[in-house]
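K.L.:
Once you know that position 128 of the sequence shown is 140 in the numbering used here, the rest is easy, because the numbers rise by one and skip nothing.
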Amino acid sequence: MVMEYVNGINLDEFMVFHLEKKARVPIDIAVFIVSRLCRGLAYAHKKRNTNGELLGIVHRDVNPKNIMLSLEGDVKLTDFGIAKALNLMYNKEGKVIAGKDEYLSPEQARREITDERADIFPCGIVLSELLLGENIFADEDPEQTIQNILEKPLPDYPKVRPEIDDRLHVILKKALTRDREERYQNAEEMLNALELYIYGDGYGPTNEKLAEYLKDYISPEKYKASGLTTRSDMI
Numbered sequence: 013m014v015m016e017y018v019n020g021i022n023l024d025e026f027m028v029f030h031l032e033k034k035a036r037v038p039i040d041i042a043v044f045i046v047s048r049l050c051r052g053l054a055y056a057h058k059k060r061n062t063n064g065e066l067l068g069i070v071h072r073d074v075n076p077k078n079i080m081l082s083l084e085g086d087v088k089l090t091d092f093g094i095a096k097a098l099n100l101m102y103n104k105e106g107k108v109i110a111g112k113d114e115y116l117s118p119e120q121a122r123r124e125i126t127d128e129r130a131d132i133f134p135c136g137i138v139l140s141e142l143l144l145g146e147n148i149f150a151d152e153d154p155e156q157t158i159q160n161i162l163e164k165p166l167p168d169y170p171k172v173r174p175e176i177d178d179r180l181h182v183i184l185k186k187a188l189t190r191d192r193e194e195r196y197q198n199a200e201e202m203l204n205a206l207e208l209y210i211y212g213d214g215y216g217p218t219n220e221k222l223a224e225y226l227k228d229y230i231s232p233e234k235y236k237a238s239g240l241t242t243r244s245d246m247i
């Protein structure tokens, strides 16, 4: 994890631009973005100290505003400093357990102790949001949002967006499984599933393709207006 400048936009802005144009994010672009997100999380989750012991890093606040897309097509996850924030929930052992309501894992919503699997569920939410154009759990009432995370049935993705095939549907359902024992057990496992999906035929999206998509789709004026350079704890 390093401090660096990123010339680009965050994923929330990226999705807002699509909503403004009443357009959907292409499936391969959506899957590519989340695969790079999982790659960054996998790196963080496997970080060790000088004694070779896992540091136990869990982001706990994966959401579109913390995901940067650079003009070069890189995907960066920011704000690993969540444990220092003042408005977070803690369990009795003092561990941070929650970030933004609509991107919580069920175990965070239940105020349980979390591990790296708590970062997988919001990756599923982000992928779902990129594909459908909305957060499937969000509600104006925060309590209802929490209830949705715990109980609301998942949509039948292929019915909502027919281009979503059965293979991608399986990935979404596994990432969004409420029982963390049945979820992807780590970010690398989800990364492998996503990469098999987009590269299984030998060719798929690249950083260069994402960069071209950003330049073609989002006007220079909007780049200029968005305050595009950010600096934060990121991977």
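The beta-carbon is built from N, C-alpha and C at its ideal position, and this holds for glycine as well.
(1) Quick check on N22: does DSSP put it in helix, strand or coil?
(2) May I ask you to verify whether the region 59–70 touches the region 191–204, counting CB pairs closer than 8 Å and requiring at least 3?
(3) Per the DSSP calculation, T189 is bridged to which residue(s)?
(4) Is it buried or exposed, Y209, if we count other Cβ atoms within 10 angstroms and call 16 or more buried?
(5) In terms of residues, what are the limits of the alpha helix (DSSP H) holding V43?
(6) Does the Cβ-Cβ distance between I132 and R195 come in under 8 Å?
(7) So I158 and A121 are in contact, right, with Cβ under 8 Å, and what is the actual spacing, rounded?
(8) To the nearest angstrom, report how far apart V28 and I45 are at their CA atoms.
(9) Name the residue from R51, K227 and I79 whose alpha carbon lies nearest to the alpha carbon of N22.
(10) Indicate whether the contact test is met: 3 or more Cβ pairs, each with one atom in the region 150–168 and one in the region 33–45, closer than 8 Å.
P.N.:
From the atom records:
(1) Three-state DSSP puts N22 in a strand.
(2) The region 59–70 vs the region 191–204: no contact.
(3) Answer by DSSP bridge pairing: none, since T189 is not bridged.
(4) buried
(5) I39 to H57
(6) yes
(7) 5 Å
(8) 16 Å
(9) Per the Cα distances, I79.
(10) They do not touch, by the three-pair rule.
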